[in-house]
Ligand code: DGY
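Residue numbers (this note's numbering): 23 to 341.
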């Protein structure tokens, strides 16, 4: 008998083909967004769950999962939607999909930086609405990023790829991380022991830290005040790392020139001010959304499940 896997969202065809070959999957062909109760009911006969970050596994949900569930193999690198302490306490294996989405997320980060710096939202709207009437030297003047300083908080896999791509714009890289990385990984990037030390060095600040109790609201009013006037903020990690009140105030006051955001608190029901501000370049959480990466995320989640059901330690175990 093949293990039964509850798959909470519609996955790429190639991933679902492999699921059908190796497992007995319960699929979601309509890509309905399940509530926690839906997940619990559908998991009744499952041996494992393959969810996305759109499904929350709080301690309460984990306590209500059927006894036979062995693993939660996430289709995401972030796993802040899973209470890993509760999972550990119950003996549930939890895995994620690191590495495979670093390039795609770094691409979106660079797009956010350029979109914010070069006023992409405003320009696109002008063209689409036929309000674009003329060219003049003072028209749509933005910020050049070439040769500027890029500060990165969270110098892990994604942050390091962002640094590599930004070097293509001759940017000087500064970073803050819990601890410095090796000189080979730094490639000349300058380490700052605290976010406070890093802030004054950032013409552009890009956030790549994991969402955790320590990073909630990390970019707050006090830290924004330490950024150079006119800095640009970019976030392709998780919305919770930004204090929205502080960021919105700084974008309105001109303390910050612009922001590029792919992730939000309480997405997709984001703070309405972001929609109104012309100096914000907005994307709908698409960091990993390329064909190559979405396939690779599915295969990585399946590699983890294969290990679980072979009685081996999965490569990407986080709990
Ligand atoms: C991730 O992998 O964490 C992306 O944000 C999609 O969930």
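No residue lacks a Cβ here, since even glycine has one placed at the ideal position from N, Cα and C. Keep in mind the model is a prediction, meaning the values are calculated, not measured.
**Asked** Would a C-beta distance cut-off of 8 Å place residue 94 and residue 83 closer than the cut-off?
**Response** no
**Item:** Residue range of the unbroken alpha helix (DSSP H) whose run includes residue 101
**Value:** Here residue 101 belongs to no alpha helix (DSSP H), and DSSP marks it neither H nor E.
**Prompt:** So the alpha helix (DSSP H) residue 297 belongs to, where does it begin and stop?
**Reply:** 294-298
**Message:** Please state the DSSP three-state secondary structure of residue 276.
**Reply:** coil
**Asked** Can you tell me whether DSSP reads residue 202 as helix, strand or coil?
**Response** coil
**Asked** Under 7 Å from any heavy atom of the ligand GDP, does the C-beta of residue 241 make it?
**Response** In the structure shown, the ligand GDP is absent; the only ligands present are the ligand DGY.
**Any non-hydrogen atom of the ligand DGY closer than 7 Å to residue 309 Cβ** = Set against 7 Å, the gap from the CB of residue 309 to the closest heavy atom of the ligand DGY is smaller.
**Request:** Determine the burial state of residue 119: buried for a count of at least 16 other Cβ atoms within 10 Å of its Cβ, exposed for fewer.
**Result:** buried
**Prompt:** So is the beta-carbon of residue 145 under 7 Å away from any non-hydrogen atom of the ligand DGY?
**Reply:** no
**Nearest-angstrom Cα separation, counted from residue 123 out to residue 184** = 12 Å
**Item:** Of the listed residues 276, 164 and 237, nearest to residue 252 (C-alpha basis)
**Value:** 276
**Request:** Evaluate the contact criterion for the stretch 254-273 versus the stretch 187-206: three or more CB pairs, one atom per stretch, below 8 Å.
**Result:** No, because fewer than three Cβ pairs between the stretch 254-273 and the stretch 187-206 fall closer than 8 Å, the two stretches do not touch.
**Message:** Could you tell me which whole alpha helix (DSSP H) segments of length 4 or greater appear in the stretch 23-65?
**Reply:** Within the stretch 23-65, complete alpha helix (DSSP H) segments of at least 4 residues are found at 35-44 and 58-64, given in chain order.
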